[in-house]
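Visitor:
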Amino acid sequence: MSEAQPPTGTTAPDDRYGSARRPAARGTGRGAKIAIGAALVAAVAAVGWYTVAQQQAAPVDHEDIGFTVVDAEHVDAQFQVHMPPGTRAVCTVDALSPSYAQVGTLDVEVGPVDTRTSAYEVTIGTSQEATTATVVGCEVVDD
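Position 101 (the sequence shown) corresponds to 101 in UniProt numbering; numbering is contiguous.
(1) Quick test of your reading: VAL93 and ALA133, contact by CB under 8 Å. State the CB separation rounded to the nearest angstrom.
(2) What residue from ARG116, ASP114, GLU109, ALA43 has the CA that sits closest to GLY137's CA?
(3) Where DSSP assigns a beta bridge to GLU129, which residues make up the other side?
(4) If we ignore side chains and look at the alpha-carbon of each, how far apart do LEU96 and ASP76 end up?
(5) Tell me, to the nearest whole angstrom, how far the beta carbon of VAL122 is from that of ALA89; I am working on the premise that it is less than 8 Å.
(6) Are there 16 or more other CB atoms within 10 angstroms of the CB of VAL41, so buried, or fewer, so exposed?
(7) With DSSP collapsed to three states, give me the class of VAL44.
(8) When the Cα atoms are used, what is the spatial distance from THR115 to PRO85?
(9) State buried or exposed for GLY104, treating a residue as buried only when at least 16 other CB atoms are found within 10 Å of its CB.
(10) In angstroms with no decimal places, state the Cα-to-Cα distance between GLU63 and ILE36.
(11) Whole angstroms are fine: how far does the CA of GLN102 sit from the CA of VAL70?
(12) Note the first and the last residue of the continuous beta strand (DSSP E) segment covering ALA89.
(13) Tell me the DSSP bridge mates of SER118?
(14) Starting from GLU109, follow the beta strand (DSSP E) in both directions and report where the run begins and ends.
(15) With which residues is VAL52 paired in a DSSP beta bridge?
As structure tokens, then:
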């Protein structure tokens, strides 16, 4: 018995098993590079705009510096307020228990001052011993 030989002179149909020649991979074209650059510029501009808008929307910022538990009924809180010179604000400072329950609160009027940053220390009366004190927030007071 002889082995069957494939017929001679026949070829597979074009592209049946994929093209024998593949086009060379193209690099990123000029238009794509311009589009990517424009997108990056737009993203940076959007972040800048957002940052400026947030600062204008909330011109008063606060920073907790520390606290001291004076006794079972008092805690001292130290904090800084950052706001434009001449601005007046009210900051709410809370004293918290170990379970983070509010055991004392105090609204503190700050400003107006001549500098952007000013430091404050206040004593908060508590209903039971506090283990921390923190500034909840500050809001501008309209004249």
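The C-beta atom is built at its ideal place from N, Cα and C for all residues, glycine as well.
Guide: With the given structure in hand:
(1) Stepping through the sequence shown from its first residue, residue 93 is reached at position 93. Stepping through the sequence shown from its first residue, residue 133 is reached at position 133. Confirmed, Cβ separation roughly 6 Å.
(2) Counting from one through the sequence shown, the residue named residue 137 turns up at place 137. Measuring from the Cα of GLY137, the nearest candidate turns out to be GLU109.
(3) Start at 1 with the first residue of the sequence shown, and residue 129 comes out as number 129. GLU129 is not bridged to any residue.
(4) Taking the sequence shown and counting its residues from 1, the one referred to as residue 96 is at position 96. Taking the sequence shown and counting its residues from 1, the one referred to as residue 76 is at position 76. Near 12 Å, if we compare the C-alpha coordinates of ASP76 and LEU96.
(5) Translated into the one-based positions of the sequence shown, residue 122 becomes position 122. Translated into the one-based positions of the sequence shown, residue 89 becomes position 89. About 14 Å; that fails the 8 Å criterion.
(6) Against the sequence shown, residue 41 aligns to sequence position 41. Exposed: under 16 other Cβ atoms inside 10 Å.
(7) Within the sequence shown, numbered from 1, the residue matching residue 44 stands at position 44. Note: VAL44 maps to helix in three-state DSSP.
(8) Taking the first residue of the sequence shown as position 1, residue 115 is located at position 115. Taking the first residue of the sequence shown as position 1, residue 85 is located at position 85. Between THR115 and PRO85, the C-alpha separation is close to 5 Å.
(9) Taking the first residue of the sequence shown as position 1, residue 104 is located at position 104. Counting Cβ neighbours within 10 Å, GLY104 comes out buried, since at least 16 surround it.
(10) Position 63 of the sequence shown, counting from 1, holds the residue named residue 63. Position 36 of the sequence shown, counting from 1, holds the residue named residue 36. Using only the alpha carbons, I get a separation of about 39 Å.
(11) Start at 1 with the first residue of the sequence shown, and residue 70 comes out as number 70. Start at 1 with the first residue of the sequence shown, and residue 102 comes out as number 102. Their backbone Cα atoms lie some 17 Å apart in a straight line.
(12) Taking the first residue of the sequence shown as position 1, residue 89 is located at position 89. Its beta strand (DSSP E) spans residues 89-96.
(13) Taking the first residue of the sequence shown as 1, we reach residue 118 at position 118. Note: SER118 sits in a beta bridge opposite VAL81.
(14) Indexing the sequence shown from 1 puts residue 109 at position 109. Per DSSP, GLU109 belongs to the beta strand (DSSP E) from 102-110.
(15) One-based indexing of the sequence shown puts residue 52 at position 52. Answer is none; VAL52 lacks a bridge partner.
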